[in-house]
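Report on one structure; see the data block that follows.
Here's what the structure looks like:
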């Protein structure tokens, strides 16, 4: 292990957060990659692959909902935890701290909307639904 | 050069001076405060679509080892700041982190206790502010200050590698003169010059009501031990000492790559106090057997701010970082981040008039100032423990039990962790010491301290 890195090292395949668990922190990837997976019944769908500088688990900072996806290390990954308490106490003084989170969440929402429209358009029975914009909280 | 006219008082907001596209900003000092200000100012301006020119004046070359390229500091980036920077998108690369820290070892005459991070994760960064100690042979790290300045430059800041010789007024605007250049007027002048060096005197001629903060002398030394020895004796732990030595408030040994940094804080640290510290059994016990202080080594006695500046802002001028307001003894880089960002927010979103800074910058300074008052209480309490053997034993007993137990709230451990690391405000630390369980446990352990404590190391 490099003595000059920050965060915690996860080995290949190691679960960082588990869908359905409660959480009170978000994570910022320092090195390596992680995959975001969501389980629907017996099927596991990969939603995204994230790399250095990306963050995940940010919904736990704003909501009390359970984790909506599982995040697993792809190869060795080093990840830094950001506590909800630390984040919230700083946001109270400096609301602009949340800007980057909001920006990224907005980008993800836009991507999900595009995916939704594409999926709906390609389904013969859903074409009329594609004409209707998805709700703002689609993800 | 175009005539300056982009900042003016809008008709509906008398007393305000708004920056507009084309405005020019000068930042004197390219340490963390100056770089943070530059980075966030340009970032916020970009969000608003403001096209501004920002010049950072920094004559130091952070690639030169030793004092010439160093801003003299213990070089610890606190747990909370590491998290906030990561949230801002500023992740410290391994080339800048000289060593990640995941635990503290508390040394007292009554014993030793290791306090682990709450998540057992390396969230504290030991860094070199400059290029490292004088005479460093094999440099495998980059300067923290250089890294931040590069980030500011990447955002669009123009780095002027010249020493500022004079700061004066030209009509109602500050102007900056370097040795090789003509005086340049600016719409905003940001002082980020720290409390060491003569740069602060430059601002005396502006006729402001600013009064610099009170300061105290510290001692920082770097000793080469080699990577293997560092790994064997220090690993990823920072060693802190609560010793009953007069005038010594706090002492720490910080592992950084192949070097060990000694950092002593207190009241006017002099050579006699440094020698007493090095001779203390608790310190000798922690160092490799037979280690002797070498004849020559890199060391400095920088001053740290122990109170805030009076009136650290005026029309078109603001003081940030140590020369404005800093936390007592801890997290100086964190204070630089907070004051720099507050000043940047005020300048971009509100304006650069004294009233704008009073309303939008001063509250952050005031929060830090009030917290420092509580900090003085916390350190007074710590001093009482330092002076009483039974209290030291009681505290150690409480910490050791908390660290051995997997369940239960580690109240004393977290109080010490946050006090030593600067990860939480002193107010927050103080509130937690008011919990009845904290006092019941501490009093019980103090009573039990009549029996000897088993040492862990």
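Chains as they are written, first to last, in the numbering used here: chain B, 24 to 162; chain V, 8 to 464. Even glycine gets a Cβ: it sits at the ideal position worked out from N, Cα and C.
- Within the same chain, 249 and 251 come within 6 Å of residue 393/V by CB-CB distance, once the 5 residues on both sides are set aside.
- At the C-beta level, residue 147/V and residue 264/V come within 8 Å of one another.
- Residue contact with chain V for residue 31/B: present (Cβ-Cβ distance below 8 Å to some residue of chain V).
- For a Cβ distance threshold of 9 Å, residue set 51, 103, 104, 105, 106, 109, 110 and 113 of chain B lies close to residue 90/V, ordered along the chain.
- Taking 8 Å as the cut-off, the beta carbon of residue 358/V is found no closer than this to the beta carbon of residue 429/V.
- Per DSSP, reduced to three states, the secondary structure at residue 23/V is coil, with no helix or strand assignment.
- Only residues of its own chain outside the window of five on either side were considered, and among them 115, 117, 118, 120 and 460 have a CB closer than 7 Å to the CB of residue 403/V, listed in chain order.
- Listed by position along chain B, the residues whose Cβ is nearer than 8 Å to that of residue 99/V are 29.
- Counting only residues of its own chain and dropping the five nearest sequence neighbours on each side, residue 281/V has a CB closer than 6 Å to the CB of 226.
- Cβ neighbours of residue 365/V within its own chain (closer than 8 Å, five residues either side excluded): 320.
- When the Cα atoms are used, residue 259/V and residue 180/V turn out to be separated by approximately 45 Å.
- In the displayed model, residue 140/V falls within coil according to three-state DSSP, outside both helix and strand.
- Neighbours of residue 76/B in chain V, taken as residues whose beta carbon is under 8 Å from its own, are 96 and 98 in chain order.
- Counting along the chain, residue 63/V sits inside the beta strand (DSSP E) bounded by residues 60–64.
- Residue contact with chain V for residue 73/B: absent (no Cβ-Cβ distance below 8 Å to any residue of chain V).
- The Cβ atoms of residue 58/V and residue 167/V lie no closer than 8 Å to each other.
- Contact between residue 89/V and residue 132/V holds: their C-beta atoms lie close to 6 Å from each other, under 8 Å.
- In the same chain as residue 110/V, and ignoring 5 residues on each side of it, the C-beta atoms closer than 7 Å to its own belong to 121, 122, 123, 124, 243 and 244, in chain order.
- Contact note: residue 123/B reaches chain V through 94, 95 and 96, using a C-beta cutoff of 9 Å and chain order.
- Taking a cut-off of 8 Å for Cβ pairs, the region 287–303 of chain V and the region 167–176 of chain V do not touch, as fewer than three such pairs fall below it.
- Taken atom to atom, the span from the alpha-carbon of residue 135/B to that of residue 142/B is near 10 Å.
- The beta-carbon of residue 119/B is placed less than 8 Å from the nearest beta-carbon of chain V.
- Look at residue 48/B here: in three-state DSSP terms it is strand.
- Contacts between residue 47/B and chain V, judged by CB atoms closer than 8 Å, are missing: the closest CB pair is about 11 Å apart.
- Around residue 56/B, no beta-carbon contact reaches into chain V at under 9 Å, the shortest distance being about 15 Å.
- Its chain contains 114 as the residues whose beta carbon lies nearer than 8 Å to that of residue 121/B, once the 5 sequence neighbours on both sides are disregarded; these appear in chain order.
- Under the DSSP assignment, residue 257/V falls outside any alpha helix (DSSP H), being part of the beta strand (DSSP E) whose first and last residues are 255–263.
- Only residues of its own chain outside the window of five on either side were considered, and among them 39, 40, 78, 79, 80, 94, 102, 103, 104 and 105 have a CB closer than 8 Å to the CB of residue 50/B, listed in chain order.
- C-alpha of residue 231/V to C-alpha of residue 118/B: approximately 43 Å in a straight line.
- With respect to the C-alpha of residue 35/B, the residue from 74/B, 57/B, 28/B and 116/B having the closest C-alpha is 57/B.
- Residue 309/V sits close to residue 80/V, with the two beta carbons spaced by under 8 Å.
- Interface flag for residue 85/B against chain V is unset, since no Cβ pair is found closer than 8 Å.
- Contact annotation: residue 31/V and residue 73/V have beta-carbon atoms that are not nearer than 8 Å.
- Apart from sequence neighbours up to five positions away, the residues of its chain that approach residue 96/B with a beta-carbon distance below 7 Å are 33, 34, 35, 36, 37, 39, 55 and 57, ordered along the chain.
- Inside the region 29–111 of chain B, DSSP marks whole beta strand (DSSP E) runs of 3 or more residues at positions 31–33, 38–40, 48–63, 66–73 and 93–106, from first to last along the chain.
- Residues of the region 105–127 of chain V with a C-beta less than 7 Å from any C-beta of chain B: 105, 106, 107 and 126, listed in chain order.
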